[in-house]
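Student: So that we are looking at the same thing, I have put the structure below in structure tokens.
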Amino acid sequence: MHVGYFTNLLTIVLSTTLLLRPNTTYALATRPKKRTRPTSNGFPSLHLEQDLRQRGYTYIIGSDEAGRGSIAGPVVCASCCLLKNDSNNDEYPPLIEGVQDSKLLSPEQRIAIYDRIVSQPDSYAWCTSQRSNDDIDTSGNILKTTMDCFRDSIETLLTSHNLPLDAAYSVVDGKKSPRLSQGYDGVVPCRPYVRGDVEVYTVALASIIARVTHERLMTDLHDIYPAYGFRENFGYGWRDHVLAVHSHGLSPVHRKSCKPNKGR
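Using our numbering, the first residue of the sequence shown is number 25, and each one after it goes up by one.
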């Protein structure tokens, strides 16, 4: 290497050394560790709900979707809210054992928890909304359609259960949340929460409701269009499903605006 390289390097080292204080220990700078939000034994917790409750919000609505990434069938959004149990003065109904992100549960576990939720209307307010493949194709934007579906599920839950708007707070799984309609926007806070289905109890409940509802809808569609295996793939673009599309073409419930289906 050129002699000038070593001369410049020596100059930099000497200059840096002169700036250091003697008899002082220096440590290399490291990136701070990412802070994680607390959960209970790896399961979603009520930390967020309790924090919001202390801030004056009584009705915390968790929302999640199922089917957004599918290439066929509807997208389903669900919203769920814990209701105060006045009969025994508990702040919340007892937690349902085993609740977590619906993707981590077996179909049997999801259905068992779903049945617990829907069978206790005094403890859980919930609502589902869906947008068909035609709605998605008309929009041409699955994110926009999903946000519209979220908005519908949240506002319908508020209206159907007559919840006071100034005491409600909405938490939506993911990086984005919908802007609520006039009369709700600016009154009911609506915020996104990344990994909400993993960390926030009410969002995890909504995740289970949305997935069970979506899978039942796709199972019904399987009976009408059995060639595509909707009972197994639930409309997602698994290999066997894509091969079926190659063989049979698109069914009336496939999303023509999805990239794998365009031009078919």
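The C-beta atom is built at its ideal place from N, Cα and C for all residues, glycine as well.
Among residues of its own chain, excluding the 5 on either side of D176, which ones have a beta-carbon nearer than 8 Å to its beta-carbon?
Tutor: By one-based count along the sequence shown, residue 176 stands at place 152. C101, S153.
Student: Could you give the distance in angstroms between the alpha-carbon of N285 and the alpha-carbon of A234?
Tutor: Numbered from its first residue, the sequence shown carries residue 285 at position 261. Numbered from its first residue, the sequence shown carries residue 234 at position 210. The straight-line gap from Cα to Cα measures roughly 24 Å.
Student: Per the contact definition of three or more C-beta pairs closer than 8 Å, is the segment 155-164 in contact with the segment 222-241?
Tutor: no
Student: What span of residues does the beta strand (DSSP E) with P216 cover, start to end?
Tutor: By 1-based counting over the sequence shown, the position of residue 216 is 192. It spans 214-217 - the beta strand (DSSP E) in which P216 sits, taken as one unbroken run.
Student: Does DSSP classify C282 as helix, strand or coil?
Tutor: For the purposes of this step, residue 282 is taken as residue 258 along the sequence shown, with counting starting at 1. Looking at C282 - three-state DSSP - the assignment turns out to be coil, as it is neither helix nor strand.
Student: Hey, which unbroken runs of the beta strand (DSSP E) at 3 residues or more fall wholly within the segment 177-257?
Tutor: 192-197, 214-217
Student: Drop a sphere of 10 angstroms on the beta-carbon of L245, count the other beta-carbons inside from all chains shown, and report buried for 16 or more, exposed for fewer.
Tutor: Numbered from 1 along the sequence shown, position 221 holds the residue referred to as residue 245. Buried.
Student: Is the beta carbon of S103 closer than 8 Å to that of L181?
Tutor: In the sequence shown, counting from the first residue as 1, residue 181 sits at position 157. In the sequence shown, counting from the first residue as 1, residue 103 sits at position 79. Yes, the pair counts as a contact, with Cβ atoms nearer than the cut-off.
Student: Between D247, R92, E115, P98, which lies nearest to I84 when the distance is taken from Cα to Cα?
Tutor: On the sequence shown, residue 84 is found 60 positions in, with the first residue counted as 1. For the set D247, R92, E115, P98, the Cα lying nearest the Cα of I84 is the one of E115.
Student: Could you tell me which uninterrupted beta strand (DSSP E) segments, each at least 3 residues in length, are contained entirely in the segment 93-128, listed from first to last along the chain?
Tutor: 99-106
Student: For I137 and V123, what's the separation of their Cα atoms in angstroms?
Tutor: Looking up residue 137 in the sequence shown gives position 113. Looking up residue 123 in the sequence shown gives position 99. Cα to Cα, the separation comes out at about 7 Å.
Student: Classify A251 as buried or exposed, calling it buried when 16 or more other Cβ atoms lie within 10 Å of its own Cβ.
Tutor: Within the sequence shown, the letter at position 227 stands for residue 251. Taking all protein chains in view, the Cβ of A251 is surrounded by fewer than 16 other Cβ atoms within 10 Å, so the residue is classified as exposed.
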